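These protein sequence lines map, in sequence, to chains A and B.
With the working numbering applied, the first sequence covers 117 to 223.
With the working numbering applied, the second sequence covers 94 to 214.
Beta carbons are placed, not taken as given, at the ideal position from N, Cα and C, and that holds for glycine.
Nothing here was measured: the structure is a model prediction, and the numbers come from that model.
Scroll down for the structure; my scribbles are underneath it.
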Amino acid sequence: DIQMTQSPSSLSASVGDRVTITCRASQDINNQLAWFQQKPGKAPKSLIYGASTLQSGVPSKFSGSGSGTEFTLTISSLQPEDLGTYFCQQYISYPLTFGGGTKVEIK
Amino acid sequence: QVQLQESGPGLVKPSETLSLTCAVSGYSIRTAYYWGWIRQPPGQGLEWIGNMDHTGITFFNPSLKSRVTISPDTSKNQFSLRLTSVTAADTAVYYCARRMRDGYHWFIDSWGQGTLVTVSS
Chain A
117 DIQMTQSPSS LSASVGDRVT ITCRASQDIN NQLAWFQQKP GKAPKSLIYG ASTLQSGVPS
177 KFSGSGSGTE FTLTISSLQP EDLGTYFCQQ YISYPLTFGG GTKVEIK
Chain B
94 QVQLQESGPG LVKPSETLSL TCAVSGYSIR TAYYWGWIRQ PPGQGLEWIG NMDHTGITFF
154 NPSLKSRVTI SPDTSKNQFS LRLTSVTAAD TAVYYCARRM RDGYHWFIDS WGQGTLVTVS
214 S
């Protein structure tokens, strides 16, 4: 199985800050990576696929980059509605696997 | 816009079988894509259970493969999950989801709202 490791596991930032989350794969996954946002008590929401392509309706403050084994999700200007947990996921091979999540809190 | 909705018992006894259904609206599961299940134990991360393609061919997480069945009910445009011999470790919120295609990317684009299943006597 491909292991996905996210860092940090949690972060606290101020409104307006630029926030970056890292996801590392245990082997090369090309750009077969997705990002999800999960607000407390809610189902995950799909944000990005192909490492950098925004899903329809996702605001442009979210961006993704990377290829191979290292990827990043950036929120350009953190807002209160962005609090929640963010997960990465590889889909290049079965079983599909997720990172452990990064909990984003607002200072 | 596709919508997915899980349903099923919220409480299952140990050693029994967990059965859930995902009703799909806005898209026919017979047309294309993958249809699957993901779970999340309370306070923990996400675990992929398995999925089926639009013809009913299935792929499962090896950690659960011996206990899992995913099958379609095309007459009702829904698909189901069965997980046998459950234990407390199977307590989780269960989500159904669609994986769609863009080029060579097969990615999750839609999720159900999730349903909590507790395994307890």
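CB contact below 9 Å: phenylalanine 172/B versus chain A: no
Identify every run of the beta strand (DSSP E) within the stretch 135 to 169 of chain B, keeping only runs that are complete inside it and at least 3 residues long; order them along the chain. 140 to 146, 151 to 153 and 161 to 166
Can you check whether the C-beta of glycine 103/B is within less than 9 Å of a C-beta belonging to chain A? no
Counting beta carbon pairs with one atom in the stretch 101 to 108 of chain B and one in the stretch 117 to 137 of chain B, are three or more of them shorter than 8 Å? no
Endpoints, the beta strand (DSSP E) within which leucine 194/A is located: Where leucine 194/A is concerned, there is no enclosing beta strand (DSSP E), given that its DSSP letter is neither H nor E.
Could you tell me which chain A residues have their CB closer than 9 Å to the CB of histidine 198/B, listed as they occur along the chain? Asn147, Gln148, Ala150, Tyr165, Gly166, Thr169 and Tyr207
Cβ distance (whole Å) where leucine 113/B is taken to contact serine 173/B below 8 Å: 7 Å
Status (buried if at least 16 other CB within 10 Å, exposed otherwise) for leucine 97/B: buried
Under 9 Å, do leucine 189/A and serine 179/A count as touching if we go by C-beta distance? yes
If you reduce the DSSP assignment to three classes, tell me which class aspartate 202/B lands in. strand
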